[in-house]
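Report on the structure given below.
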Amino acid sequence: MTPEPIAVNELLRTRRDQMFPKLTAAQVARLEHHGERRHTQAGEILFEPGDRPRKFYVVIDGNIELLLARHDGYELFYTLTSGDFTGEMNALRGSAGVVRARAGHDGTLIAIDIERLRTIVQTDAELSELFMRAFILRRMGLLSEHSCDVVLIGSGHSADTLRLSEFLTRNTIPFATLDVNTDADAQTALERFHVPAENVPVVICRGEHVLKNPSNFELASCLKVNPQLDDSRVHDLLIVGAGPAGLAAAVYGASEGLDVRLVETTAPGGQASTSSKIENYLGFPTGISGLALAGRALSQAQKFGASLSVASQAVRLHCERQPYVLDLAEGGSVRANVVLIASGAQYRALEIDNLQRFLGAGIYYAATALEAKLCKDEEIVIVGGGNSAGQAAVFLASSCNHVHILVRSDGLAESMSSYLIRRIEESPNITVHAHTQVVALEGEHELERITWRRGTDATEEQHDIAHVFLMTGALPNTRWLNGCVALDDRGFVRTGLELRPEDLSKTRWPLARQPYLLETNLPGVFAAGDVRCGSVKRVAAAVGEGSSCVQFVHRALRELTEPAHQPAAV
Ligand SMILES: Cc1cc2nc3c(=O)[nH]c(=O)nc-3n(C[C@H](O)[C@H](O)[C@H](O)COP(=O)(O)OP(=O)(O)OC[C@H]3O[C@@H](n4cnc5c(N)ncnc54)[C@H](O)[C@@H]3O)c2cc1C
């Protein structure tokens, strides 16, 4: 599912046949085997925004009106008639929907349990393609409609407003925003819900619950973003991190029949989601935004039955025995026979005392369309000389007045791909400052001024620049591993050939065989992607490792149930 909204009228004009395709008589007959006929009466509500999906409906006669919440009531989005069907991506994900479905006339429907719908999508190739495409396009249409089911009220300059907006956007949740600095309606909305202005940001969830500066977990809970899962179940494969590596493992694992569970701190896509355009990923000659790639991968994983929980952070792995147990920050734990560490890495911050104060208020770690809007026609700084810095520079140069790239080294040649260096050299509004670093940030509520220092002569210059993008290298997300697996001296996870004899003796490696290629020094605990020591920090590499590790996961699972499968010592 690509989460980038396209106006619904445009979608209906150009892709109505795919968004709302008519089922043939033969397809309806096939679906009839999976459900039962039921009658509806005009005005009957089939589901409301906030309901988890339970049934999937095919219209035989009569109709179903799909309605969206607006400020002053509900508005018709689309009317399903004979041969049409309900559903969008939430049906496969198990998260709450955003639409009210109401019978417009008396009629007849086929009602199919949502579990059966998942089976159909996995087993009937023709219907699978038809449903997946329709569900994805419908979610795109819903995103463009800014339904008032969820309203974010806050200041465009506040870090928490940006966090909440990013969480909703990256999880493809339709929402409307009211900016207290620019929208006259924001004050009216705050008064209506008796919220003092100093309590912003607030989220009005489902039109009634007022969440004051909620955590991502509180917001996800109110919106029922995550499916209801039985945490006493022992999963085949637990994946920590839904970046490219984790998502690839989920697609391959679930498509090969494994019971796959993913936990993710924020939203699917990892670092890749913060990239405005990935141009070197195979198969996308004109590039693809990280958000779109993540959305597609997630739809694919969910089609095959993988379960994802977002706003769900791994805080401690218990590795004394299999099944392994993982504690989550919000409480509760998950159990699995095999664990994949795919928690990636995150960018280093600058060592400047008041940096935190300006996060989202002038300091950014991502350069997506969201940030580009904030600094349109302004002068900006990008810190860092890697590919992510180069991409951000080229992307932002198209909308910003001037882009300054600050690097500590003497240029970009060692750290950046040459195609990006060429584009930077050809852009008249990008300047590269070698041997230069930011040393001070100033501003009252948001960043207003920065000082940078040139290493060659230690001169300091002050500039009225209010937007700084930090693209300065990565640290691995491995604290939650609780000393369970061997790490290198920078904290990246050792696997396969990177493991030293002392790593194996430390965990008393119990098997006759050596660890598999992507296996750590704990049997059945694997690592893939940026978090792994020696990995190539690229989307394609993370996807390759995530998908190829699944073959070793099968072997590790077989070893648990059939000791005879244990290979002799290598
Ligand atoms: C701005 C930018 C642009 C880039 N552009 C390109 C490009 O054009 N081409 C290219 O090939 N590569 C690019 N990269 C690099 C690429 O995005 C990474 O190599 C890739 O995303 C690594 O994937 P991963 O799954 O290993 O880790 P990540 O993408 O880092 O994903 C890890 C995930 O794990 C989650 N996580 C972390 N800790 C926990 C925890 N304790 N519990 C639960 N979840 C957790 C994180 O929230 C994250 O979603 C770019 C990176 C950035 C930042």
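For the sequence shown, my numbering gives the first residue as 3, with consecutive numbering after it.
C-beta: ideal position from N, C-alpha, C; glycine also.
Contact test: residue i Cβ vs ligand 2 heavy atom, cutoff 8 Å
i: Ser-335; result: Ligands displayed in this structure: ligand 1; ligand 2 is not among them.
Nearest candidate by alpha-carbon position, reference residue i, set the options
i: Asp-181; options: Ile-114, Glu-168 and Val-202; result: Val-202
i: Leu-414; options: Ala-436, Gln-516, Ser-400 and Cys-402; result: Ala-436
i: Pro-503; options: Pro-270, Pro-517, Lys-305 and Gly-259; result: Pro-517
i: Thr-83; options: Asp-355, Leu-69, His-41 and Gly-109; result: Gly-109
i: Thr-461; options: Thr-474, Val-440 and His-447; result: Val-440
i: Ile-354; options: Gln-348, Ile-365 and Glu-380; result: Ile-365
i: Ile-382; options: Ala-222, Arg-165, Leu-449 and Glu-428; result: Leu-449
i: Gly-457; options: Ser-411, Ala-442 and Glu-428; result: Ser-411
i: Asn-11; options: Arg-492, Lys-24, Gly-143 and Ile-122; result: Gly-143
i: Gln-43; options: Asp-63, Lys-24, Gly-37 and Gln-29; result: Asp-63
i: Ile-432; options: Ser-419, Arg-455, Ala-395 and Asp-466; result: Ala-395
i: Asp-74; options: Glu-258, Gly-334 and Gly-209; result: Gly-209
i: Pro-430; options: Cys-402, Ser-420 and Arg-18; result: Cys-402
i: Val-60; options: Arg-40, Leu-111 and Glu-90; result: Leu-111
Span of the alpha helix (DSSP H), counted from its first residue to its last, around residue i
i: His-508; result: Going by the sequence as given, residue 508 is Lys instead of His. Counting along the chain, the alpha helix (DSSP H) containing Lys-508 begins and ends at 503-508.
i: Arg-560; result: 541-563
i: Thr-121; result: 116-125
i: Gln-439; result: Where Gln-439 is concerned, there is no enclosing alpha helix (DSSP H), although the beta strand (DSSP E) it sits in stretches over 438-444.
i: Glu-521; result: Where Glu-521 is concerned, there is no enclosing alpha helix (DSSP H), given that its DSSP letter is neither H nor E.
i: Ala-103; result: Looking at the DSSP string, Ala-103 is not in any alpha helix (DSSP H); the run it does join, the beta strand (DSSP E), is 102-105.
i: Phe-397; result: 389-399
i: Lys-375; result: 371-376
i: Glu-34; result: 27-34
Residue i vs residue j beta-carbon contact at 9 Å
i: Ile-175; j: Val-153; result: no
i: Val-409; j: Ser-417; result: yes
i: Pro-51; j: Arg-102; result: yes
i: Gln-273; j: Gly-245; result: yes
i: Leu-225; j: Ala-351; result: no
i: Gly-106; j: Ile-138; result: no
i: Ala-331; j: Leu-264; result: no
i: Ile-116; j: Ala-93; result: yes
i: Arg-95; j: Leu-260; result: no
i: Phe-471; j: Ala-344; result: no
i: Val-236; j: Arg-318; result: no
Spatial distance of residue i from residue j (CA atoms)
i: Pro-5; j: Gly-297; result: Here Pro-5 scores only 44 on pLDDT, less than 50, and its place in the model is too uncertain to base an answer on.
i: Val-552; j: Ile-452; result: 48 Å
i: Lys-57; j: Ala-113; result: 6 Å
i: Glu-564; j: Arg-534; result: 29 Å
i: Pro-569; j: Ala-529; result: Interpretation of Pro-569 is limited by its pLDDT of 49, a score under 50 that renders its predicted location unreliable; the figure taken from the coordinates is listed afterwards. For Pro-569 and Ala-529, the distance between alpha carbons rounds to 21 Å.
i: Ile-407; j: Gly-498; result: 38 Å
i: Glu-48; j: Glu-34; result: Checking the displayed sequence, the identity of residue 48 turns out to be Leu instead of Glu. Distance between the alpha carbons of Leu-48 and Glu-34: 19 Å.
i: Ala-571; j: Pro-512; result: Note that Ala-571 scores 45 on pLDDT, short of 50, meaning its location in the model is unreliable; the coordinates nonetheless yield the value given after this. In a straight line, the C-alpha of Ala-571 is about 11 Å away from that of Pro-512.
i: Asn-339; j: Glu-463; result: 56 Å
i: Gln-315; j: Thr-480; result: 12 Å
i: Ala-299; j: Gly-156; result: 31 Å
i: Gln-324; j: Leu-524; result: 10 Å
i: Val-204; j: Thr-184; result: 16 Å
i: Thr-171; j: Ser-278; result: 14 Å
i: Thr-217; j: Leu-293; result: Reading the sequence as shown, one finds Ser at residue 217 and not Thr. Whole-angstrom Cα-Cα distance: 22 Å.
i: His-556; j: Glu-46; result: 48 Å
i: Arg-32; j: Phe-360; result: 57 Å
i: Met-3; j: Gln-302; result: Bear in mind that the predicted position of Met-3 carries a pLDDT of just 43, short of 50, making it too unreliable to give a figure here.
i: Ile-241; j: Gly-271; result: 13 Å
i: Tyr-228; j: Glu-500; result: Here the sequence assigns Asn to residue 228, which means Tyr is not the residue at that position. So the two alpha carbons sit approximately 36 Å from each other.
i: Ala-363; j: Ala-191; result: 24 Å
i: Ser-149; j: Ala-188; result: 16 Å
i: Phe-397; j: Asp-466; result: 22 Å
i: Leu-119; j: Val-100; result: 19 Å
i: Gly-243; j: Gly-346; result: 7 Å
i: Tyr-254; j: Gln-124; result: 13 Å
i: Asp-329; j: His-320; result: 8 Å
i: Lys-375; j: Ser-400; result: 11 Å
i: Val-545; j: His-469; result: 32 Å
i: Ala-256; j: Lys-305; result: 9 Å
i: Phe-286; j: Asn-389; result: 18 Å
Bounding residues of the beta strand (DSSP E) (the contiguous stretch that carries residue i)
i: Ile-423; result: From DSSP, Ile-423 is part of no beta strand (DSSP E) but of the alpha helix (DSSP H) over 420-428.
i: Phe-528; result: 527-529
i: Leu-14; result: Note, Leu-14: premise wrong, no beta strand (DSSP E); alpha helix (DSSP H) at 10-21.
i: Glu-381; result: 381-385
i: Gln-516; result: Element bounds for Gln-516: n/a, residue is neither H nor E.
i: Tyr-367; result: Here Tyr-367 belongs to no beta strand (DSSP E), and DSSP marks it neither H nor E.
Next on the checklist: Just to confirm the assignment: which complete beta strand (DSSP E) runs, minimum length 3, are found wholly within the region 275-352?
Outcome noted: Correct list: 309-311, 316-320, 326-330, 335-343 and 347-349.
Checklist entry - Which ranges does the beta strand (DSSP E) cover as unbroken runs of at least 3 residues, wholly within the region 153-210, from first to last along the chain? => result With a minimum length of 3 residues, the unbroken runs of beta strand (DSSP E) contained wholly in the region 153-210 fall at 178-181 and 204-207.
Item to check | Unbroken stretches of the beta strand (DSSP E), 3 residues or longer, contained in the region 206-240 | outcome: Within the region 206-240, the beta strand (DSSP E) runs of at least 3 residues that lie entirely inside it are, in chain order, 211-214.
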